[in-house]
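Undergrad: For the sequence shown, position 259 (counting from the first letter as 1) is numbered 263 according to my numbering, and the numbering increases by one without interruption. Ideal placement from N, C-alpha and C gives every residue a C-beta, glycine not left out. Quick caveat, the model's predicted, so the values are computed rather than measured.
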Amino acid sequence: MASADLRQELKCSICLNIYTDPVTLRCGHNFCRVCIDRVLDTQEGSGVYTCPECRAECQERPALQRNITLCNIVGRFLSTRPDQEETEIFCTYCIHSPVPAAKSCLHCEASLCDNHLRVHSKSAEHVLCDPTTSLGNRKCSVHKELLKYYCTQDAACICVSCNLAGEHRGHRVEMLDEASEKKKEKLENVLQKLTIKREETEKRVQRLQKRRREDQDKAAGVTETVTALFRDIRRQLEDLEKRVLSEISRQEESVSLSVSDLIQQLEIKKDELSRKMRHIEELCNMSDPVTVLQEPDTGDLCDTEDRERHDDQVHDVGDLDVGLISRKLHTLSDIITGLR
């Protein structure tokens, strides 16, 4: 029962399996590193990260701290209590119903439950080990003997015959347990270095993610500023356009009124001249000299003074004040200067 309780405590709440490389969040809950990484990846971009266990929130992706104590506990538990259910190794001799195996015999190449283990041979050649499915791999493929040594020169597991008379004769050998412990120490060192590199890589990823968010915020701020600037420029240009067009319209209306007034005066003058011309033509057509001579002298109807007066009136009408319009357009230069 105690073993079952401990096993339950060593399960990851995400994958429901024994912890693999357990890490701890700030809230104190533990998860497999791969499991929690996947969860945090799915929360990327949402603006908040939550613990799958207690729903504690944080704005930035939480740093994952390796739980060395829990990792050691998991290692010891798995080495002393092999998971029989997950490996599905059952007793070879219980053919009517599957019964979990307690040990495997390398000599018999069979797995045994507690009942069959009590009646099993106790001789030295019957070597027992933890339940395993790779019984055939525990014997030498040449001499069909149990593998007991490790040849350091050829990096191979060998039997007694290989060591004494086989191709590994004279080579430096070690007992399997001794060689295994040495390799485990090397693997632990490698694992520690890889763990450090992984944590450094994770920190770099977090720094880059933070920088990406900062750049996105900065770009958003600049975009907002530029948008507001061009919106203001468009407003100023529209106001300037309205003022300039209004000034052109005002000047055009003023010139048009002046020209219309002058045209009206000239039309009156033209009618008066036409009337005088008809009168003179009538005099020219008269045959009575007395009547012609008694008519008052009309003088020069197109004298120079009259022409000059009308010419002055035409010049007084003027034209569009291009200088005033240009001065108003100088505001456009002010807008561009402000933009710079």
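Near N21, what residues of its chain come up, given a Cβ to Cβ distance below 7 Å and the 5 sequence neighbours on each side ignored?
TA: K15.
Undergrad: Once the 5 residues before and after L68 are set aside, which same chain residues still bring their CB inside 7 Å of it?
TA: Contacts found: V27, R37, I40 and E206.
Undergrad: What is the rounded straight-line gap between the Cα of K107 and the Cα of C117?
TA: So the alpha carbons of these two residues sit roughly 7 Å apart.
Undergrad: Considering only DSSP beta bridges, list what Y23 is partnered with.
TA: Paired residue(s): none; Y23 is not in a bridge.
Undergrad: Verify whether the separation of the beta carbon atoms of N167 and Y154 is less than 8 Å.
TA: Contact flag unset, no.
Undergrad: Going residue by residue through the stretch 83-126, where are the continuous alpha helix (DSSP H) segments of at least 4 residues, counting only ones entirely within it?
TA: The stretch 83-126 contains these whole alpha helix (DSSP H) runs: 88-91 and 118-122.
Undergrad: Please classify E89 as buried or exposed, where buried requires at least 16 other C-beta atoms within 10 Å of its C-beta.
TA: Residue confidence is low: E89 scores 44 on pLDDT, short of 50, so the model does not pin down where it sits. Its coordinate-derived value is still stated next. Exposed, since its Cβ has fewer than 16 Cβ neighbours within 10 Å.
Undergrad: Return the chain-ordered list of same chain residues with a C-beta closer than 7 Å to the C-beta of V164, the five sequence neighbours on each side being excluded.
TA: Contacts found: E149 and K152.
Undergrad: Sort I162, C144 and T24 by Cα distance to L180 and report the nearest one.
TA: L180 has its Cα closest to that of I162, out of I162, C144 and T24.
Undergrad: How about S115 and A128: do their beta carbons lie closer than 8 Å?
TA: Not in contact: S115 and A128 (Cβ atoms no closer than 8 Å).
Undergrad: Do you know how far the Cα of T227 is from the Cα of S17?
TA: So the two alpha carbons sit approximately 44 Å from each other.
Undergrad: Quick one: residues in its chain with C-beta nearer than 7 Å to the C-beta of L74, no 5 flanking neighbours on either side, listed in chain order?
TA: Cβ within range, chain order: Y23, P26 and N34.
Undergrad: Where DSSP assigns a beta bridge to C161, which residues make up the other side?
TA: Its beta-bridge partners are Y154.
Undergrad: Between R30 and C62, which are expected to be in contact by the criterion C-beta below 8 Å, what is the C-beta distance as a whole number of angstroms?
TA: So it is a contact: roughly 7 Å between Cβ atoms.
Undergrad: Answer with buried or exposed for I93, where buried requires no fewer than 16 other C-beta atoms within 10 angstroms of its C-beta.
TA: It counts as buried.
Undergrad: Report the CB separation of V78 from L110 in whole angstroms; it is logged as a contact under 8 Å.
TA: Between L110 and V78 the Cβ distance is about 27 Å, and since that is not below 8 Å, they are no contact.
Undergrad: Assuming V52 is part of the beta strand (DSSP E), what are its boundary residues?
TA: That residue, V52, is in no beta strand (DSSP E); it is neither H nor E in DSSP.
Undergrad: Would T308 be called buried (16 or more neighbouring beta carbons within 10 Å of its own) or exposed?
TA: Summary for T308: the model assigns pLDDT 48, below 50, so the residue's position carries little reliability; its value from the coordinates is reported in the next sentence. Classification of T308: exposed, given that the 10 Å Cβ count is below 16.
Undergrad: Rounded to whole angstroms, what's the CA-CA distance from Q269 to R279? Just pull it up for me.
TA: Straight-line Cα distance between these residues: approximately 16 Å.
Undergrad: Alpha carbon to alpha carbon, how far is Q213 from R70?
TA: Each residue's alpha carbon lies about 21 Å from the other.
Undergrad: DSSP on C288, reduced to helix/strand/coil?
TA: Three-state DSSP puts C288 in a helix.
Undergrad: Provide the residue(s) that pair with E178 in DSSP beta bridges, ordered along the chain.
TA: The partner list for E178 (beta bridge, DSSP) reads Y154.
Undergrad: Report yes if the C-beta distance between Q157 and R176 is below 8 Å; otherwise report no.
TA: Contact: yes.
Undergrad: Spell out the partners DSSP gives N34 in its beta bridges.
TA: BP columns for N34 point to T28.
Undergrad: Since V103 and C95 should fall inside the 8 Å C-beta cutoff, what is the C-beta to C-beta distance between them, to a whole number of angstroms?
TA: About 5 Å separates the two Cβ atoms, so the contact holds.
Undergrad: Relative to the C-alpha of R11, which residue among T54, R80 and Y97 is closest?
TA: Ranking T54, R80 and Y97 by Cα distance to R11 puts R80 first.
Undergrad: Which residues does DSSP pair with C144 in a beta bridge?
TA: Paired residue(s): none; C144 is not in a bridge.
Undergrad: Report buried or exposed for R142, applying the criterion of at least 16 other Cβ atoms within 10 angstroms of its Cβ.
TA: By the neighbour-count rule (16 or more Cβ atoms within 10 Å), R142 is buried.
Undergrad: Find the nearest neighbour of K188 within the set S83, T229, L266 and Q298, judged by alpha-carbon distance.
TA: Closest option to K188, Cα to Cα, is S83.
Undergrad: C16 by DSSP, collapsed to three states: which one?
TA: Looking at C16 - three-state DSSP - the assignment turns out to be coil, as it is neither helix nor strand.
Undergrad: Spatial neighbours of K186 within its chain, please: CB distance less than 8 Å, with the 5 preceding and 5 following residues excluded, ordered by chain position.
TA: Counting only Cβ-Cβ distances below 8 Å, and skipping sequence neighbours, we find E178.
Undergrad: Are the CB atoms of R65 and Q240 nearer to each other than 8 Å?
TA: Contact flag unset, no.
Undergrad: So the alpha helix (DSSP H) T136 belongs to, where does it begin and stop?
TA: Element bounds for T136: n/a, residue is neither H nor E.
Undergrad: DSSP state of L266, grouped into three classes?
TA: Helix.
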